[in-house]
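Beneath this line is the structure, given in structure tokens, with notes to follow.
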Amino acid sequence: MRVLPRAVAAVLGAAGFVPVASVADEVQRLGTVVVTAAGFEQDIELAPASITVITREELERREVTSLADAVRGIEGVNVRSLDARSGKTGNQTISLRGLPEEYTLVLIDGVRQNVLATVAPNAFTDASSVFFPPVAAIERIEIIRGPMSTLYGSDAIGGVVNVITRRPGETWAGSASVNSTFQTDSDFGGHTTAEGYVGGPLRDDRFSVQAYGRLFQRQASNIDIPGTDPSLTDNRTMGQNPVKADHWTAGGRLLFAADARNDFELRFDSTRQSYDNSMGQLGRLSGTGNQPNDFLRGYARELEFERDQLRVGHVGRYDFGTWETTLTQDRVETKGRTVNAGAVPDADRFGTPRRLELDTTILDTRVITGIGDHLITVGAQMLRPELTDGILPETLKGRQYSVFVEDEWFITDDFALTGGLRYDDSKDFSGQVTPRLYGVWSATDTVTLKGGVGTGFRVPFLQQITDGVIGFGDGGSTPLFGNPDLEPEESTNVEFTVVYDNRSNLAAQATVFRSELKDKIERGTGANQGIDLNIGRSVIQGLELATRYRFAPDWTMSANYTYTDSEVTRTQLDTGDPAQSIASRKGDPLVSVPDHMLNARLDWEATPRTTAFVAAEYRSSAFRPRNFHEPQNGGNAQALAGPGVRDSNAVLGDFRGYTVFDLGATYRFSPNVRVTGVIQNLLDKDFKDYRSYTRFDNEEEALSNVYNNIMEPRRLFVSLNVDF
């Protein structure tokens, strides 16, 4: 029998910044605890969502340079670049259930991190994956697959990734680590990370404090890519040939327990990223002396991405329930972009630094209360973004308010039904209503069935709903236009999950899902060249399987499998004439996600001090977009498929699948000191494999990689962790 009534008591008693010991006995039967699915703590098995948890201990045994690295290997998650070669800074992005990366909402301790305007234009969004706390400061990461807009608003169409950070304990504690990756192929650059965390109580245990930081350095790669000359500028090899990079993150928070009912929090986080663009690897340089086009380029010799976030919070535990409020001021800025020629009336500004800064105020508040067999969450959110862009005539300001309610009704001890409704209002859109209905049934002590219907939405960026020129593509030569008539994108998801746990050595689950996406925003062609339009519809469906089996006292096997099938059912030019536009892609997959993904791992506890593992990652082939081109060849370098027809998929075929293996071990010198070594890509799979084709633009021969990404060859990852 499940413990639903006890879970209600636990939520009302234990929510907040510090645990309440008096409810410990009530939740002793609960397993892994999560908060993202409903906004409060509950057993992962009973949570009304498809959810996976990654702990800090798991993260410490792998190389984590971005949030995408942290969630790699989870069912339903793809972190390889979806739009080929689009990982411009060499980082990866997160796709959930075959949906584009912008449909994944990222939270840190429940506060949204997704931006509401394009502050890193021209597909540099992969840099946002580095805006996350160091592993040493993370308690766990919760990944929800499926829309969660009822609770969290815009962008949560594909799902939610919530990073839960550590809380200071009753005594001082900390950890520090340093890790490096050593390449066996000198063409690839190595990388090193050092990070630390410390936290503990201050005066009378009413105050507690924590601080953390991370430094990351990546050496430049020098990969031989056909069609490029490293001695020349403007190669634009981007993420295929990662440039020298430096990142640092620092943050901390002060917590104050005013009394038994009220806790307060003050928190600050700051991140800086810099990338070498001295040879135009990431974008064409301005002011290179190549008149008359030098000021059309739009890029300086170094690109920088910055984020600062200040947050204050309050949790009150009152007779009517728990009231949580946070106020966040977020600043994101991109440096190293320049003003394109023709972008502004004043010619003296051509080639000068282009300011790109987004300042957002976020207010979240919610009350969680129990009434009989109902656990009710009522909340509101305010979002106020302000974007300054050097090519726009004025600062863009947005406003969005929302209210929501969700009721988890414990109909019996074994069945709970969750219903939710959200209403969003914006100065740019009519009201947006987002409902949700989800049921969880503990059929037996070992089997749980759950499923439901959820909806999601995503509002356009501020620039996209602005009239006039909002940016430039193709190296700064093609103007892009906003569209004030755009409406939010919407999705509806249906899923059903079976969970089995014998409470001993075997756990497994299976999920089937189907999502329908409508009003997808796509960039127009022909008469609508460069204008964003609500023209796309797609269907995504699939299967997710996961299992963990301890088949001997010292041996554990875990595996997961994902099948994804997506299809664009409507797009802008369904003329049947492929020569008219490469955007005509009805019937094609939505994005380049493999149909089949398999992750498997075997763990061995060799001795009390030593553990070892071997892991495998399989990815099937993935659809190569028809408009695909190698970035160094320019925007019109698709494959020539016939007279006047460009279709890279017809000529080059799909991106090739692959299998890679890792082998690693951890040794504990003491309970507080451990070293980990991992040989990644154990069999040295080579991802530099090119095939010739004829270019559409000049009918010359060119070469294109058969793989979507040039992944690193065999390499050694070594990490030293110390707890204190």
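Sequential numbering of the sequence shown, starting at 5, is according to our numbering.
Ideal placement from N, C-alpha and C gives every residue a C-beta, glycine not left out.
What you are looking at is a predicted structure, and each value in this text was computed from that prediction instead of being measured.
I'd like to confirm the pairing. Which residues does DSSP put opposite residue i in its beta bridges?
i: M601; result: T566, R623
i: G646; result: V649
i: R403; result: DSSP output for R403 lists no bridge partner at all.
i: M561; result: Y553, L606
i: Q214; result: G203, R257
i: V119; result: In DSSP, V119 forms no bridge with anything.
i: G737; result: One cannot answer for residue 737 here, as it falls past the ends of the chain, which runs 5 to 728.
i: Q221; result: T196, D250
i: F408; result: G383, R426
i: F659; result: A626
i: N709; result: Y694
How is residue i classed by DSSP in three states: helix, strand or coil?
i: A88; result: Confidence is the limiting factor: at A88 the pLDDT is only 46, short of 50, which leaves the residue's position unreliable, though a coordinate-based value still follows. Residue state, collapsed to three classes: coil.
i: A610; result: coil
i: V722; result: strand
i: Q385; result: strand
i: E703; result: coil
i: I714; result: coil
i: F728; result: coil
i: V748; result: Residue 748 falls outside the range modelled here, since the chain spans only 5 to 728, and no answer is possible.
i: N637; result: helix
i: L100; result: strand
i: E79; result: coil
i: S184; result: strand
i: I395; result: coil
i: S26; result: Its pLDDT being 32, under 50, S26 is placed unreliably in this model, and the coordinates cannot settle the point.
i: E390; result: strand
i: L109; result: strand
i: I168; result: strand
i: D581; result: The predicted model places D581 with a pLDDT of 45, which falls under 50 and marks its position as unreliable, so this point remains unresolved.
i: V134; result: helix
i: L490; result: coil
i: I48; result: helix
i: T575; result: coil
i: V139; result: helix
i: T197; result: strand
i: T232; result: coil
i: T36; result: coil
i: T615; result: strand
Over the uninterrupted beta strand (DSSP E) stretch that includes residue i, give me the two end residues.
i: V502; result: 493 to 505
i: E146; result: 142 to 149
i: S290; result: That residue, S290, is in no beta strand (DSSP E); it is neither H nor E in DSSP.
i: W252; result: 249 to 261
i: Q244; result: Q244 -> no beta strand (DSSP E), and no H or E assigned at all.
i: K524; result: 510 to 527
i: S542; result: 536 to 556
i: Y671; result: 662 to 674
i: R276; result: 266 to 280
i: S696; result: 694 to 698
i: T482; result: 482 to 485
i: R66; result: Neither: R66 is in no beta strand (DSSP E) and is coded neither H nor E.
i: R678; result: 677 to 684
Locate the alpha helix (DSSP H) running through residue i, then write down its first and last residues.
i: V655; result: 652 to 656
i: D73; result: 71 to 75
i: R207; result: Where R207 is concerned, there is no enclosing alpha helix (DSSP H), given that its DSSP letter is neither H nor E.
i: E62; result: 60 to 63
i: S153; result: 153 to 156
Pop quiz: residue i and residue j are said to be a contact at Cβ under 8 Å. What is the actual Cβ separation, rounded to whole angstroms?
i: T97; j: T122; result: Their Cβ separation, rounded to whole angstroms, is 15 Å, which puts T97 and T122 out of contact at 8 Å.
i: A645; j: V655; result: 5 Å
i: G150; j: A53; result: 6 Å
i: D230; j: Y694; result: Here the sequence assigns Pro to residue 230, which means Asp is not the residue at that position. About 6 Å; that satisfies the 8 Å criterion.
i: I525; j: E493; result: 6 Å
i: L314; j: Q333; result: 5 Å
i: N281; j: G340; result: 7 Å
i: A514; j: V498; result: Their Cβ separation, rounded to whole angstroms, is 15 Å, which puts A514 and V498 out of contact at 8 Å.
i: I147; j: I78; result: 6 Å
i: D411; j: H378; result: 5 Å
May I have a chain-ordered list of the alpha helix (DSSP H) segments no shorter than 4 residues that lie completely inside the segment 412 to 478?
The segment 412 to 478 contains no whole alpha helix (DSSP H) run of 4 or more residues.
Hey, which unbroken runs of the beta strand (DSSP E) at 3 residues or more fall wholly within the segment 305 to 383?
The qualifying runs are 325 to 341, 360 to 375.
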